[in-house]
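First the structure, in the form of structure tokens, and then the observations on it.
There are 4 protein chains.
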Amino acid sequence: MGMRVFNAISQRIEKEPYAQKLGIKLLKVEAGYSLVEMLFTNDMENIFGTAHGGAIFSLVDEAFEVASNSHGTVAVALTINITYHRAAKPGSVLRAEAKEINRTVRIGTYDIQVRDEQNQLIATCEGVAYRKKEPLPFL
Amino acid sequence: MGMRVFNAISQRIEKEPYAQKLGIKLLKVEAGYSLVEMLFTNDMENIFGTAHGGAIFSLVDEAFEVASNSHGTVAVALTINITYHRAAKPGSVLRAEAKEINRTVRIGTYDIQVRDEQNQLIATCEGVAYRKKEPLPFL
Amino acid sequence: MGMRVFNAISQRIEKEPYAQKLGIKLLKVEAGYSLVEMLFTNDMENIFGTAHGGAIFSLVDEAFEVASNSHGTVAVALTINITYHRAAKPGSVLRAEAKEINRTVRIGTYDIQVRDEQNQLIATCEGVAYRKKEPLPFL
Amino acid sequence: MGMRVFNAISQRIEKEPYAQKLGIKLLKVEAGYSLVEMLFTNDMENIFGTAHGGAIFSLVDEAFEVASNSHGTVAVALTINITYHRAAKPGSVLRAEAKEINRTVRIGTYDIQVRDEQNQLIATCEGVAYRKKEPLPFL
Chain D
1 MGMRVFNAIS QRIEKEPYAQ KLGIKLLKVE AGYSLVEMLF TNDMENIFGT
51 AHGGAIFSLV DEAFEVASNS HGTVAVALTI NITYHRAAKP GSVLRAEAKE
101 INRTVRIGTY DIQVRDEQNQ LIATCEGVAY RKKEPLPFL
Chain L
1001 MGMRVFNAIS QRIEKEPYAQ KLGIKLLKVE AGYSLVEMLF TNDMENIFGT
1051 AHGGAIFSLV DEAFEVASNS HGTVAVALTI NITYHRAAKP GSVLRAEAKE
1101 INRTVRIGTY DIQVRDEQNQ LIATCEGVAY RKKEPLPFL
Chain Y
2001 MGMRVFNAIS QRIEKEPYAQ KLGIKLLKVE AGYSLVEMLF TNDMENIFGT
2051 AHGGAIFSLV DEAFEVASNS HGTVAVALTI NITYHRAAKP GSVLRAEAKE
2101 INRTVRIGTY DIQVRDEQNQ LIATCEGVAY RKKEPLPFL
Chain G
3001 MGMRVFNAIS QRIEKEPYAQ KLGIKLLKVE AGYSLVEMLF TNDMENIFGT
3051 AHGGAIFSLV DEAFEVASNS HGTVAVALTI NITYHRAAKP GSVLRAEAKE
3101 INRTVRIGTY DIQVRDEQNQ LIATCEGVAY RKKEPLPFL
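Chains as they are written, first to last, in our numbering: chain D, 1 to 139; chain L, 1001 to 1139; chain Y, 2001 to 2139; chain G, 3001 to 3139.
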């Protein structure tokens, strides 16, 4: 069952409008886990010429979305906390990795870290999702 | 001095690559305050066809960036907490309003709320910024 | 029904072991609202002689507990975010006020602010509670 | 220098009023690291007879205080995010472990986890501290 869900999510993410808009790619999905990647392009710059916090968070949120939905039922974000540690350099390839910290019937909690290709820590996050009873609609 | 800073920020945001990418417009900037707007377009949809949390956060972060830099010196995001209350409907016009909760020499804290055109609450946030000594580079 | 719940909560808080330990008093409870008070005594000092963050948070959490349970069904804390703005002075009387930001069937979100008797802002919080179906056991 | 600071902090924590009030003991301190312990006693119960969130947070904050001050200069809490995963059982011995995620000249970020004696996860936190230039006053 796991593999069927992972494949369905992967196919869905490939066609997700927002992931396409930002060039986010899903590299890996497992039960309670995901790894996503994004190239920090010029159109993601903020008023200081560094990576916009919104672009970095978008990558984080994609990892969170995949990991929290990986159990086959719909999970929606309740609250996410992000801490920024270091500005991403233009042209960086950024990766966000989400790991499940805990899961109950209704709540899932995820630790998400963003690193650049030198493995430098860009941001850390904790996300809490509400888990509905219904199966993913695209299974 | 305030007005000169507000104008410089407004002009800078108009040309900000990431704000342009998402169609974010700055409606108002005052000392410790900002109001920004974004149309939730199809290319911001997630795997469920609702607004991607990353798109909503990007609007929040834009409001935060403007309000925290409105005092004329560079402020960078340290940490932001977002709580999602309601899914935004496709085609909604979303507004994020940032208000300064407190400001010390080095730290600024902002309350940011996202609402749709029916004034329904979409998300609430608290953002903490580190305030550097240097003036905004584009003044 | 509201008044019966408010009275039951008030009586329960008066006998709550932790509230007694810290001298926390409930001043007001309404639907989705509470106001609590605590005298910052010497035994709440940290290694710098100022109020321990844990004592201030305890006051916040009491306000959160009351406001989130004020609808008559059991609510448990999922996640709370606290930002400290100013050190509380020894001997201060601190008040925490909790206001409901939003409430759905399963989730309640609260804004909580701590102020001293000069109305200076000590801390701000956002708390998210999970709302169970069961009525409060002490009604 | 490290050892001298660790010893000074340990001695200070032993006499800290709030740590004494809650029976919190410091088990270990290293650069950017701490481990603290607390017995969950009856006087820490909330209105449901389980451990009050304020008591658990107090243990977390103690770990955060020690780890963030372990570099010998004064660090003060800016913001902390706590997520509760499981109610602590009466009579549990709870431990909070703080690990430094990142440290810059002015900012330190810490991951803090609370577990019971069965190693079950009770709460997870991220704390952000502002690092002043001044040395610890009790060195």
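Heads up, the beta-carbon is just placed ideally off N, CA and C, and yes, glycines get one too.
Legend entry - Option nearest L:R1086 by Cα separation, candidates Y:Y2033, Y:I2056 and Y:T2109: Y:T2109
Inset, instruction - Would you tell me roughly how many angstroms separate the C-alpha atoms of D:L39 and L:S1058, rounded to the nearest one? - result: 17 Å
Legend entry - Within-8 Å CB hit, L:L1078 to chain G: Output row for L:L1078: interface = yes.
Inset, instruction - Answer yes or no: does any C-beta atom of chain D fall closer than 8 Å to that of Y:Y2018? - result: no
Legend entry - C-alpha distance - L:L1121 paired with D:I107, whole-angstrom precision: Here the C-alpha atom of L:L1121 lies approximately 22 Å from the C-alpha atom of D:I107.
Inset, instruction - Tell me whether D:P135 sits in a helix, a strand or coil according to DSSP, three-state version. - result: If DSSP states are grouped into helix, strand and coil, D:P135 belongs with the strands.
Legend entry - Span separating the alpha-carbon of L:I1013 from that of L:L1027: Just so you know, the alpha carbons of L:I1013 and L:L1027 end up roughly 11 Å apart.
Legend entry - Rounded separation between D:V36 and D:V60 - CA only: 8 Å
Legend entry - Assigned secondary structure, D:G72 (DSSP; H/G/I helix, E/B strand, else coil): coil
Legend entry - Under 8 Å from the C-beta of G:V3060: neighbouring residues of chain D: None at all; the shortest Cβ gap to chain D is about 13 Å.
Inset, instruction - Can you tell me which of G:P3017, G:Q3118 and G:T3079 puts its alpha carbon nearest to the alpha carbon of G:R3131? - result: That would be G:T3079, whose Cα lies nearest to the Cα of G:R3131.
Inset, instruction - For G:T3126, go through chain D and note every residue whose CB falls closer than 8 Å to its CB, in chain order. - result: Note that residue 3126 of chain G is Glu in the sequence shown here, rather than Thr. Near G:E3126 (Cβ distances below 8 Å), the residues of chain D are N81, T83, T124 and E126.
Inset, instruction - Measuring alpha carbon to alpha carbon, tell me which of D:P135, D:Q113 and D:V5 ends up nearest D:A98. - result: D:Q113
Inset, instruction - May I ask you to list, following chain order, the residues of the stretch 1105-1121 of chain L that have a beta carbon less than 8 Å from some beta carbon of chain G? - result: R1106 and I1107
Inset, instruction - Output yes if chain Y places a C-beta closer than 8 Å to the C-beta of G:R3012; else output no. - result: Yes, because at least one Cβ of chain Y sits closer than 8 Å to the Cβ of G:R3012.
Legend entry - Contact with chain L by Y:N2102, beta-carbon distance below 8 Å: yes
Inset, instruction - Mind listing, in chain order, the continuous alpha helix (DSSP H) runs of no fewer than 4 residues lying wholly within the stretch 2051-2116 of chain Y? - result: 2053-2069
Inset, instruction - At 7 Å on the CB atoms, spell out the chain C contacts of Y:G2053, in chain order. - result: Considering every chain present, this structure includes no chain C. Its protein chains are D, L, Y and G.
Inset, instruction - Please check the pair Y:N2081 and Y:A2075, which I expect to be a contact at CB under 8 Å, by giving their CB distance rounded to whole angstroms. - result: With a Cβ gap of about 17 Å, Y:N2081 and Y:A2075 do not count as contacting.
Legend entry - G:K3089 to G:I3047 span [Cα, whole Å]: 14 Å
Legend entry - Exposed unless 16 or more other CB atoms sit within 10 angstroms - verdict on D:A67: With 16 or more other Cβ atoms within 10 Å, it is buried.
Inset, instruction - Pick helix, strand or coil for Y:E2014, following the three-state DSSP scheme. - result: helix
Legend entry - chain Y contact for G:K3021 (CB, 8 Å cutoff): yes
Inset, instruction - Spell out whether any CB of chain Y is found under 8 Å from the CB atom of G:M3044. - result: yes
Legend entry - Residue nearest to Y:R2148 in terms of C-alpha spacing, selected from L:A1008, L:S1034, L:T1083 and L:G1049: Examination of residue 2148 of chain Y is not possible in this model, given that chain Y is present from 2001 through 2139 alone.
Legend entry - Own chain partners of D:H52 with C-beta closer than 6 Å, once the 5 adjacent residues on each side are dropped: Excluding sequence neighbours, D:H52 sits near M44 and N46.
Inset, instruction - Answer with buried or exposed for L:R1115, where buried requires no fewer than 16 other C-beta atoms within 10 angstroms of its C-beta. - result: buried
Inset, instruction - Using a Cβ cut-off of 8 Å, pull out every chain G residue sitting near L:Y1130, in sequence order please. - result: R3106 and I3107
Inset, instruction - Mind reading off the beta-carbon distance from D:A63 to D:A96? Whole number of angstroms is fine, and I expect it under 8 Å. - result: 4 Å
Inset, instruction - Return helix, strand or coil for L:A1031, following the three-state DSSP convention. - result: coil
Legend entry - Beta-carbon contacts of Y:A2008 that lie in its chain and below 8 Å, excluding the five residues immediately before and after: L2136, F2138 and L2139
Inset, instruction - Check whether the Cβ atoms of L:Y1018 and D:G49 sit closer than 8 Å, and answer yes or no. - result: no
Inset, instruction - Kindly list the residues whose CB is nearer than 8 Å to the CB of Y:G2023, restricted to its own chain and excluding five residues on each side of it in sequence; keep chain order. - result: M2038, L2039 and T2041
Legend entry - Cα-Cα separation between Y:Q2118 and Y:V2128, rounded to whole angstroms: 28 Å
Legend entry - Of the listed residues L:T1073, L:M1003 and L:A1077, nearest to D:I56 (C-alpha basis): L:A1077
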